[in-house]
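This report concerns only the one structure given below.
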Amino acid sequence: MIHLGWRALTLLWLCLVAFASAAQSAPSGIPDATGEDGFAAPPPLQVYLLTVEPGELYWQRFGHNAILLRDPDGGRSISYNFGYFDFAQQDFLLRFVRGRMLYQAVALDGDADIAGYLEDGRRVWLQELRLEPEAVAKLAAYLAEQVRPENRDYRYDYYTINCSTRVRDAL
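Residue numbering for the sequence shown follows this note's numbering, beginning at 67 and increasing consecutively.
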């Protein structure tokens, strides 16, 4: 049986720790997240699922969902909101009664959109979605396409095509 003193055990432990940390360090030659000029690459946009509790008005009774994209550097955010309709649309009242409303996908200032819900006394939840940078870029392009004037209108259905299903489909 080998008997080592506490000094020998401490020295052995320090050697093992040093060896383990050297084995875990990144090998040379692999670039880090800095660009050629030495500045860090910009972080990707942050993606949030925005959920709003139900409100008092008839069309607010089911609650609401949207997608919020935030630039972590500039602080600017855009809320991609699939829950807007226009009271001035043709045959609004008839469409409303028949449940054949035309809704719109719109891009709004994220902070202003959230503030509007809070002013109405509705709680808002933001859940950050951890997506890969490529997925974030694809999502941002898809959402920008959805709010273009030629694409923004859609026939709303309370159960199959609504703000939640449009968010689900985008993600």
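Idealized CB from N, CA, C, for every residue including glycine.
Quick check on the burial criterion: 16 or more other C-beta atoms within 10 angstroms. Buried or exposed for residue i?
i: Asn131; result: buried
i: Arg189; result: exposed
i: Asn147; result: buried
i: Ala181; result: exposed
i: Arg232; result: buried
i: Arg164; result: exposed
i: Asn228; result: buried
i: Leu237; result: exposed
Using alpha carbons as the reference points, say which of the options lies closest to residue i.
i: Asp139; options: Asp179, Pro110, Phe153 and Leu209; result: Pro110
i: Leu115; options: Leu197, Gly121, Tyr124 and Ala207; result: Leu197
i: Val118; options: Gly187, Ala203 and Arg161; result: Gly187
i: Ala171; options: Val213, Gln155, Ser143 and Lys204; result: Val213
Note the first and the last residue of the continuous alpha helix (DSSP H) segment covering residue i.
i: Val213; result: It is not in any alpha helix (DSSP H) - Val213 carries neither H nor E in the DSSP assignment.
Excluding sequence positions up to five away, which residues of its chain have a Cβ less than 6 Å from the Cβ of residue i?
i: Leu159; result: none
i: Arg136; result: Gln112 and Ser143
i: Pro199; result: Pro110
I'd like to check one pair, residue j with residue i: are the Cβ atoms closer than 7 Å?
i: Phe153; j: Met167; result: no
i: Ser145; j: Leu174; result: yes
i: Tyr169; j: Tyr222; result: yes
i: Gly176; j: Leu134; result: yes
From which residue to which residue does the beta strand (DSSP E) around residue i run?
i: Ala173; result: Leu168 to Asp175
i: Leu115; result: Gln112 to Val118
i: Leu135; result: His130 to Arg136
i: Phe151; result: Ser143 to Phe151
i: Leu195; result: Val190 to Leu195
Sorted by chain position, which residues of the same chain lie with C-beta nearer than 8 Å to residue i's C-beta, five sequence neighbours on each side aside?
i: Leu75; result: For Leu75, the predicted model reports a pLDDT of 41, less than 50, meaning its position is unreliable; a value from the coordinates is still stated below. Around Leu75: no qualifying Cβ.
i: Tyr224; result: Phe128 and Gly165
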